[in-house]
Every structure is written in C-alpha cells, then in structure tokens.
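A short worksheet on the structure shown next.
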Amino acid sequence: MRAVLAREMDCRRVLGRFWSGWRRGLGVRPVPEDAGFGTEARHQRQPRGSSQRSGPLGDQPFPGLLPKNLSREELVDALRAAVVDRKGPLVTLNKPQGLPVTGKPGELTLFSVLPELSQSLGLREQELQVVRASGKESSGLVLLSSCPQTASRLQKYFIHARRAQRPTAIYCAVTDGIPAASEGKIQAALKLEHIDGVNLTVPVKAPSRKDILEGVKKTLSHFRVVATGSGCALVQLQPLTVFSSQLQVHMVLQLCPVLGDHMYSARVGTVLGQRFLLPAENNKPQRQVLDEALLRCLHLTPSQAAQLPLHLHLHRLLLPGTRARDTPVELLAPLPPYFSRTLQCLGLCLQ
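The opening position of the sequence shown corresponds to residue 1 in the UniProt record's numbering, with each subsequent residue numbered one higher.
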C-alpha cells in the first residue's frame, strides 16, 4: 500500500509541475531566432548515442533499420535500447523507421509490446501509455508515460498548442530536389481517398463547405531549408496541423519529395529537367526513382534505392516548462545511422 501511495504522490508532483505551466495560457513563449527554428527551447540537452559524428561509409547501405521478422522479445530489447530519456513517469524513445505504433490485432507494434516494455524498464504497476509518437514510416521521438494523469494533461497540452498554431514538433527531412524558397509555409486542403485498395492522402483545390464536412481538412506546415547539396536539401519541418502523410504530401507539392518516399513521389514528373505535379488521383504508389548522379552520390544501385527508407525524422519535441513563463523543455532524438550516412554522402550538415 505504501508503495502504491508513493507512486501516486510522485505522479501528482510531476503532474502539478506540468499543469502549473498549462493552466495560465499554456505558457510556452517564443525564444530568440538564433536558438533554432520556430519556438524552440533555449537550452538543448544531448541524449545518449547522438549521431552528430558519423563514421566512414560501410557496406551496409541503410544501417540502423530494424531487422525483419523480429520476435516480441527482440523488439522489446530494441526499444529498451532506444530509450533516450527518463524523467519521473515520462519515457522518451527514438523509434526506428518502419515500426508501426498501432495496428491490427495480432500485429507486432509498439503498442502491442508496451506491457513487456514496461516490465523491462522496471515499471511493475503502471503500464506505459503513448502520449506522442512519429508515424510508422517516419523515425524519431515517441513520448510515453506511466502516469495516466500526466499522459492526459500532456495530450491536452498538444491539442491546445495545435489549436493556437503553436508548433511543438520539429522534423528533419532530406528531399530529392531543393525548394524554391529557403523558408515559408505550406497550406493545402487534404483528404483521404481509397485508390486501388490503398488509403492515400490527396490534395483538394478550393474545398467547399460540403468538402470540409465530408472530411477534407485544411493543413499547414512551416519549413526551412538548412543545407543543400547534390540536388538535395536538408529541411526542417514544423506541422501545425495533423493529417495522415501531411509532411510527405506537402513536400511533394513543393516538387521536392522526401527521399525514400515510395508512396507519393510518383506525383512529381520531370520533362527536360523541369518538374511538375501530376494528378494525384491517377498516380499509384511506386518505388521512388532517383537519377544516376544522385545514386552515385549515395553509393546505391537502383535495386538498393528501391529499398531506401523514408528520410523523415521527428527530431525535436517541445514540452511545457515548469512554470508559465519558462521556456519549453526540449526532447531530442538523434538521427538514425542511415540518415546520417545520407547526409555524409550528400555533404549536408545538421547544425
């Protein structure tokens, strides 16, 4: 009984520290522009295993991917090794690319192994819950909580921040092509459409009120080009809305699909070196095709490029500070090894 009461008191103390910052208008204040992109924290912590230093290129073209056909025990071990931060009831993971958060019954997902992961981390009574996570095809931060109250309040914080169009997530992407503008915003109305047995995100021009009522959503992302080289760009993305495949589709609308996007990149056509958009409804998903010069830079064969993982990584996540006027607390997930390898091949640097 004492142990249960102690856990509840610890949960309430952490909850109180976070809630004190929320109840007075979600006190996340902007920080100087030199601190980074958008409203980022002033002080950045470097987690274990930072991938800023990349070694020489090896024979493995995509190091850091999860092996196929993992057992439950092997996945739990991999996720335990992917923990980058623990504080109170909060656990932060660096999710590998390709691992779904949820799925159908019987599928091996992050959610399906949370009981075993909780036990592996020594959380006997309170099971971990997902607070915020990157999607299946993207890699990066996953925020978990063993305290239901803390999870609920943090989820409300993210909802309120989204309504106020206050960015809380910062993604890194490598794009095939360089955006025309060095920074800006991307606005598009999107809808989900079932095409040839696959749910795809499709842009909608000038949506009507009826379209909005039927599920079309107006979406918004901010972007900033960090570095360019070999016809590619390292881009930071801040989604201010949430929609399936939003960032991938937004970069396609900029004629710069994300490297490894085998779902939407075929919507960008090229004639005599000029790129243009193809009708989304008439383009089925297919393997991304890279030109020979880029393949040489990446040291990949066409067959290897067909297996290129999506280079979209949830790099930073902003949480509320202890008090209303505090700067946000920043969580950081190092880039995956294959992502760092690509940057090295292209001569790009994440500053």
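Quick reminder that beta carbons are idealized off the backbone N, C-alpha and C, glycines included.
From which residue to which residue does the beta strand (DSSP E) around residue i run?
i: S221; result: K217 to G229
i: F276; result: Q274 to L277
i: E292; result: First-last for E292: E292 to L298, but that is the alpha helix (DSSP H), not the beta strand (DSSP E).
i: C232; result: C232 to P239
i: V271; result: V268 to V271
Count the other C-beta atoms from every protein chain shown that fall within 10 angstroms of the C-beta of residue i, then say buried if there are 16 or more, exposed otherwise.
i: Q254; result: buried
i: S221; result: buried
i: I159; result: exposed
i: C345; result: buried
i: Q246; result: buried
i: P279; result: exposed
i: S182; result: exposed
i: A293; result: exposed
i: R23; result: Note on R23: pLDDT 33, under 50, position unreliable in the model; the coordinate value appears next. Result: exposed.
i: E281; result: exposed
i: residue 354; result: The requested residue 354 is not part of the displayed model; the chain covers only 1 to 351.
i: K217; result: buried
i: T219; result: buried
i: A173; result: buried
i: A161; result: buried
May I ask you to list the residues that DSSP assigns as paired with residue i?
i: Y157; result: Paired residues: none, contrary to the question.
i: H194; result: N199
i: V204; result: A189
i: Y171; result: L237 and L314
i: E330; result: L318
i: L90; result: K87 and S145
i: V258; result: T175
i: E183; result: R224
Is residue j closer than 8 Å to residue i when the C-beta atoms are compared?
i: L144; j: L128; result: yes
i: A305; j: L318; result: no
i: residue 353; j: V142; result: In the structure displayed, the chain extends from 1 to 351; residue 353 sits before or after that span and is not available.
i: T201; j: S244; result: yes
i: A227; j: L234; result: yes
i: A188; j: H250; result: yes
Given 7 Å as the limit, tell me if residue i has its C-beta closer than that to any heavy atom belonging to the ligand ZN.
i: E330; result: Of the ligands one can find in the structure shown there are none, so the ligand ZN has no counterpart to examine.
Just checking my contact of residue i with residue j at CB under 8 Å: how many whole Å lie between their CB atoms?
i: residue 377; j: L99; result: What is shown of the chain runs 1 to 351, which leaves residue 377 out entirely.
i: residue 353; j: L332; result: This structure cannot settle anything about residue 353, because the visible part of the chain is limited to 1 through 351.
i: V258; j: H299; result: The pair is not a contact, with the Cβ atoms about 20 Å apart (cut-off 8 Å).
i: C297; j: S340; result: Rounded, the Cβ-Cβ distance is 15 Å, inconsistent with contact.
i: E107; j: R72; result: About 11 Å; that fails the 8 Å criterion.
i: P309; j: Q60; result: About 12 Å separates the two Cβ atoms, so there is no contact after all.
Hey, quick one: how far does the alpha helix (DSSP H) through residue i stretch, first residue to last?
i: A133; result: Not the alpha helix (DSSP H): A133 falls in the beta strand (DSSP E), residues Q129 to A133.
i: V249; result: Q246 to L253
i: P63; result: From DSSP, P63 is part of no alpha helix (DSSP H); its letter is neither H nor E.
i: L78; result: It should be noted that the sequence gives Ala, not Leu, for residue 78. Start and end: R72 to A81.
i: C345; result: P337 to L346
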